[in-house]
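Chains as they are written, first to last, in full-length UniProt numbering: chain A, 1 to 554; chain B, 1 to 554.
There are 2 protein chains.
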Amino acid sequence: MICRLLAATALLLAAIPADAAKTLIVNANGYTMDSAGNLRRFSTLFVGDDGKVLAIMPRGTVEPKLVAGDFRLDAKGRTLIPGLIDAHGHIMALGLQLRSLDLTATTSLADAQTKIAAYAAKDTSAGWIRGGGWNQVSWGLGRMPTAAELDAAYAARPVWLSRVDGHAGWANTAALKVAGITKATKDPAGGRILRDAAGNPTGVLIDAAMDLVEKAAPPPSAGEREKALEAALAHLASVGLTGVHDMGSSAEDWALFRTFGDEGRLTLRITAYAAGMPAMEAISPLRPTPWLYNGRLKLQGIKLMADGALGSRGAWLLKPYSDEPGTRGLQFLDDAKMKNLFSRANYLGYQVAVHAIGDAANRQALDAFTEIRPAYSDKFRNRIEHAQVIDPADIPRFAELNIIASVQPTHATSDKAMAADRLGEARLTGAYAWATLRKAGVKLALGSDFPVEPANPFYGLHAAVTRQDRQNQPPGGWRPEDALTLQQAFAGFTTDAAWAGGQDGKAGQLTEGSFADFLLLDRDPFTIGPAELPQVVVEETWLDGKRVYVKPAK
Amino acid sequence: MICRLLAATALLLAAIPADAAKTLIVNANGYTMDSAGNLRRFSTLFVGDDGKVLAIMPRGTVEPKLVAGDFRLDAKGRTLIPGLIDAHGHIMALGLQLRSLDLTATTSLADAQTKIAAYAAKDTSAGWIRGGGWNQVSWGLGRMPTAAELDAAYAARPVWLSRVDGHAGWANTAALKVAGITKATKDPAGGRILRDAAGNPTGVLIDAAMDLVEKAAPPPSAGEREKALEAALAHLASVGLTGVHDMGSSAEDWALFRTFGDEGRLTLRITAYAAGMPAMEAISPLRPTPWLYNGRLKLQGIKLMADGALGSRGAWLLKPYSDEPGTRGLQFLDDAKMKNLFSRANYLGYQVAVHAIGDAANRQALDAFTEIRPAYSDKFRNRIEHAQVIDPADIPRFAELNIIASVQPTHATSDKAMAADRLGEARLTGAYAWATLRKAGVKLALGSDFPVEPANPFYGLHAAVTRQDRQNQPPGGWRPEDALTLQQAFAGFTTDAAWAGGQDGKAGQLTEGSFADFLLLDRDPFTIGPAELPQVVVEETWLDGKRVYVKPAK
């Protein structure tokens with residue numbers, strides 16, 4: 001009788017669709033950090049029908065029994081690691097960039113003109129042609145290009161192309177016209193309109209002058225934004241990222257993330273930080289959202305900006321720039337306003353993620369965290385984004401105040417020459433000081449700041465452990481005393497990033513009960529030489545025990 | 001062996017929490033419409049652990065077997081009907097009104113002044129005093145009230161009180177001052193500032209002129225809005241509504257609905273219609289959302305406005321108002337704009353719900369639906385909200401074009417005297433013409449327009465079948481030839497409303513596979529006299545097989 005009742009139950013269970021079955025991966029070369037911070041090895045990964053890890057097991061363990069509908073994969077010895085987490089990226093900006101015209105590989109002005117013409121011919125929208133990545137230096141041009149040269153490639157619609165460093169833009173005549181830029185237009189503060197001998201704009205605009213065109217350009221349509229998010233998700237899965245902390249989500253970004261979540265298309269865990277208070281108020285003004293879509297989306301914190309960037313001398317420094325003694329950079333918030341913003345964020349339950357690049361901005365943020373600490377800061381995992389240039393005296397304060405340093409290893413290797421110019425050698429102590437921060441007991445979270453840098457987290461691992469760029473420069477690494485060990489860097493892109501985003505114990509590790517987010521790799525990052533880390537290829541990306549990316553066959 | 005495996009499965013099942021158990025309600029006096037439009041009776045309702053109806057069964061059927069953890073309720077003969085659906089309400093406005101000063105029960109200007117003074121004395125916030133529900137007609141005032149009369153009640157802070165129909169607002173001098181409304185202020189398009197003989201504003205603002213004050217009034221805080229939604233949900237459950245078509249959801253409303261959905265606090269099925277294109281663009285610009293939270297929330301359509309209301313002479317009529325021959329009311333959209341809005345909504349997959357009260361507005365909407373029909377209208381359940389005054393020649397066009405008439409029975413019984421004044425007797429043919437519409441083959445959906453009218457759907461059932469107000473006036477009913485049968489009205493608040501909101505077969509009925517949303521009543525609406533319908537008391541409200549409201553013990 002009991003057995004008959006149970007038989008009826010079994011019939012019901014048989015109706016459960018196959019996508020709710022268990023998954024067993026055997027014969028893997030598995031690595032994970034565990035919650036105690038140890039690197040663990042395993043051969044078998046067993047995933048429940050809820051997409052969570054049931055167990056990891058060493059080689060030689062008896063395989064768990066499977067039933068019809070369950071899935072078994074022989075990894076054939078491939079390396080299996082947790083899906084990686086980028087603690088600082090810009091998802092929509094990446095997607096829009098991926099879908100725009102990419103001129104980074106062009107070798108001459110003529111080559112660029114050909115690519116621009118071909119791209120414009122294929123683009124059937126009525127909108128602007130946008131793109132970037134050009135570099136007159138690598139073209140061997142010896143000067144900036146002109147609007148007339150861009151018109152020669154395409155003149156029918158506005159074309160607007162940013163330089164590889166993002167600090168200059170190249171417009172065609174149609175774009176200049178829509179933006180209303182003429183001989184009479186004055187250079188804005190912090191920007192320059194390049195002009196010919198007669199004073200007419202040549203077509204290239206520098207820094208703040210770029211806004212004149214940006215303001216005139218139509219924003220991407222909802223349909224374009226949807227395609228951009230699709231492109232970003234596909235790209236991020238292909239480089240092995242299963243989690244991103246989106247630094248500065250607008251209400252529009254959030255609505256699109258929700259659309260993808262609602263429609264079951266969100267193949268990434270997005271820890272969202274609202275683009276300031278207005279975005280937070282539009283998205284979830286009462287309190288952070290819960291984790292949505294099985295841990296794939298949450299409005300977790302608020303992104304605030306304390307200063308600008310080092311390259312454009314916007315980073316706010318305690319002492320003048322070495323290469324421009326007239327300026328200390330830009331302070332974005334006065335002390336009272338910063339403190340009020342921090343305490344309001346924490347009061348509502350939001351984590352603070354404050355962009356601070358210069359040593360003055362970092363000190364101001366630490367001072368503000370100190371002031372609000374009695375009420376909030378120990379309960380929150382407040383974070384400083386970039387924490388790029390820190391006065392050595394302030395480094396221990398990160399640990400005392402429990403402030404996460406959210407750093408981007410590839411920035412150091414991209415910035416190394418520029419940083420030395422801006423700061424001077426003496427001030428580099430405390431700049432990109434990852435090992436020093438870690439030794440002081442500071443929690444690090446690692447990221448890329450994509451699309452400013454490539455999203456590929458293996459580039460970040462490489463930069464973190466070698467302090468070299470991907471041309472292996474400089475020999476021995478730049479200020480190698482601040483390099484991380486591979487295990488530290490791996491934690492920075494897994495468990496430590498998860499901790500910074502409030503998914504510790506859930507994401508970034510493969511232990512009982514955690515999300516079964518993992519990668520199958522073409523080589524073992526723990527045994528190859530560090531110089532080879534950028535060459536690691538992600539062959540498969542899995543999220544919640546489901547495959548979301550497979551490397552296309554050649 | 002098999003039996004042992006099954007036993008392990010049974011152990012797993014035993015761990016399912018009690019709230020996922022089956023529910024059996026026996027000994028009920030059950031009614032439901034079925035998908036074929038028949039009224040069915042039943043005694044037993046059996047609900048699965050997914051909150052959906054497994055079966056309804058007549059008296060004498062052998063009870064299904066339950067297991068430990070399942071729930072059995074003896075209804076003791078009480079009447080059980082599907083949860084009712086209001087096809088036209090304003091959820092946030094109701095909530096804010098429930099928490100603001102309510103003047104609907106005031107019987108004279110003096111009575112209102114006393115209540116305003118008492119409320120203002122109790123309100124300890126620093127903000128505006130807001131409220132509504134006043135009606136100079138029911139006060140027997142014979143004219144609109146003035147700012148000076150409001151100052152006499154309270155002058156220290158701005159006071160802003162909307163008329164019962166929402167189409168006029170009454171400001172005190174402080175509110176006029178903050179809004180900057182003076183003799184020099186021009187009437188905005190679509191609105192009117194009432195003035196004295198000298199041209200000075202008297203304090204009452206009509207339709208679009210209300211925006212002048214609304215723009216100046218501080219919006220309710222996020223915390224106030226949360227409390228308002230809590231209040232609205234509690235009230236709606238207490239009157240037996242398990243579904244509402246929210247007519248004009250803002251992006252802010254939507255974010256709050258999602259917060260409640262995300263937090264598991266949404267005790268109502270909300271079919272949301274965005275407040276125009278800008279709200280749609282902010283909420284879900286690509287396409288309608290899917291049904292969220294197990295059928296509890298969807299952005300389904302777009303609410304558009306073709307004209308104003310009859311009471312304030314904003315309804316757009318084919319011929320002049322009988323009691324003000326100088327005006328035909330207000331046209332809100334030109335023909336091309338209306339057609340473009342309709343076709344854009346349908347193109348994106350959204351249902352159109354267009355407010356049209358006057359016969360000119362109804363004709364314009366029908367003309368626009370005719371124009372877009374080749375592309376869209378048969379695929380969509382486009383609807384005209386109110387459909388209040390229709391030229392008799394246009395009535396068959398609703399059926400030809402498959403346009404739903406979304407009508408509010410209590411409007412007729414509240415408006416009857418005013419409507420005769422505004423329209424004249426001859427033009428009442430085609431006004432509030434529910435039976436005439438139905439006979440012409442038009443689909444009706446019934447609602448209340450709360451908070452303009454009370455949300456209690458039993459008031460609507462009563463008005464629909466009696467054409468009398470709740471004082472049983474006029475004897476025999478007002479234009480009783482347009483009364484509905486109780487079964488027709490019941491369908492209008494259940495299956496027909498569900499159809500209009502895209503939940504047909506799911507909500508509004510208790511048949512296999514539908515949501516187990518139901519009410520236990522203190523009496524049987526199908527056997528009591530129609531005059532007793534407003535006295536029906538909801539004792540329990542259930543949603544998805546879970547109790548969300550129980551009448552408090554006295």
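Backbone N, C-alpha and C fix where the C-beta goes; we use that ideal spot for every residue, glycine too.
Counting only runs of at least 3 residues, the region 322 to 381 of chain B fully encloses the following beta strand (DSSP E) elements, listed from N- to C-terminal order: 351 to 356. Leaving aside the five residues that flank A:I81 on each side, the residues in its chain whose CB is nearer than 6 angstroms to its CB run, in chain order, Y31 and L519. Beta-bridge pairing by DSSP links A:D102 to A:G132. Judged by beta-carbon spacing, B:A208 lies beyond the 9 angstroms limit of B:A237, meaning their Cβ atoms are not closer than that value. Counting only runs that start and end inside the region 211 to 253 of chain B, the alpha helix (DSSP H) elements of at least 4 residues fall at 222 to 238.
Per DSSP, B:A426 lies in no alpha helix (DSSP H) and is assigned neither H nor E. By a beta-carbon distance limit of 8 angstroms, B:G199 does not contact B:K186. Their separation comes to about 11 angstroms. Contacts with chain B at 9 angstroms (Cβ-Cβ) do not include A:E512. If you look at B:F458, you'll find it isn't in any beta strand (DSSP E); it sits in the alpha helix (DSSP H) that goes P457 to T466. Each of B:G545, B:A309 and B:A279 was checked against the Cα of B:D449, and the nearest Cα belongs to B:A309.
In the three-state scheme derived from DSSP, where H, G and I count as helix and E and B as strand, A:Q488 is classed as helix.
Taking one beta carbon from each stretch, the region 352 to 368 of chain B and the region 324 to 336 of chain B have 3 or more pairs nearer than 8 angstroms; the two touch. Every beta strand (DSSP E) stretch that sits fully inside the region 148 to 176 of chain B and reaches 3 residues is listed by chain position as 159 to 163 and 168 to 171. Bridge pairing for B:M57: B:T44 [DSSP].
Taken residue by residue, none of the region 60 to 88 of chain A has a beta-carbon sitting less than 8 angstroms from a beta-carbon on chain B. In the three-state reduction of the DSSP assignment, A:W434 falls in the helix class. Going by DSSP, B:A36 is part of no alpha helix (DSSP H) at all; its letter is neither H nor E. Under the DSSP assignment, A:Y119 falls in the alpha helix (DSSP H) whose first and last residues are L109 to K122. When 8 angstroms is used as the limit between beta carbons, B:G223 is near these residues of chain A: L286, in chain order. Below the 8 angstroms Cβ cutoff, chain A contributes A255 as neighbours of B:I283, in chain order. Boundaries for A:F398: no beta strand (DSSP E) harbours it, while the alpha helix (DSSP H) harbouring it runs I395 to E400, taken from the DSSP string. Just so you know, the alpha carbons of A:V239 and A:L84 end up roughly 9 angstroms apart.
As computed with DSSP, A:W542 is found in a beta bridge with A:F518 and A:R547. For A:F257, the three-state secondary structure derived from DSSP is helix.
Taking 9 angstroms as the cut-off, the Cβ atoms of A:G276 and A:G248 count as close. Contact check for A:K551 against A:E540 passes: the beta carbons are separated by less than 9 angstroms. Within the same chain, no Cβ atom closer than 6 angstroms to the Cβ of B:A105 is found once the five residues on either side in sequence are excluded. For B:T267, the closest Cβ of chain A is not nearer than 9 angstroms. In the three-state reduction of the DSSP assignment, B:H88 falls in the strand class, which pools E and B. Within its own chain, the residues whose Cβ lies closer than 6 angstroms to the Cβ of A:D253, once the five positions on either side in sequence are excluded, are M92, listed in chain order. For A:L54, not one C-beta of chain B is nearer than 9 angstroms to its own C-beta. Exclusion of the five residues before and after B:R78 leaves A28, N29, L520, L521, D522 and E539 as the residues of its chain whose Cβ lies within less than 8 angstroms of its Cβ. Setting aside the 5 residues that flank it on each side, A:G311 is surrounded in the same chain by M418, each with a C-beta closer than 6 angstroms to its C-beta; the list follows chain order.
Taking 9 angstroms as the CB threshold, A:E532 stays off the interface with chain B. Listed along chain A, the residues sitting closer than 7 angstroms to B:D262 by beta-carbon distance are T289, P290 and L292. With distances taken between CA atoms, A:N402 lies nearest to A:L444 out of A:L428, A:L444 and A:T413.
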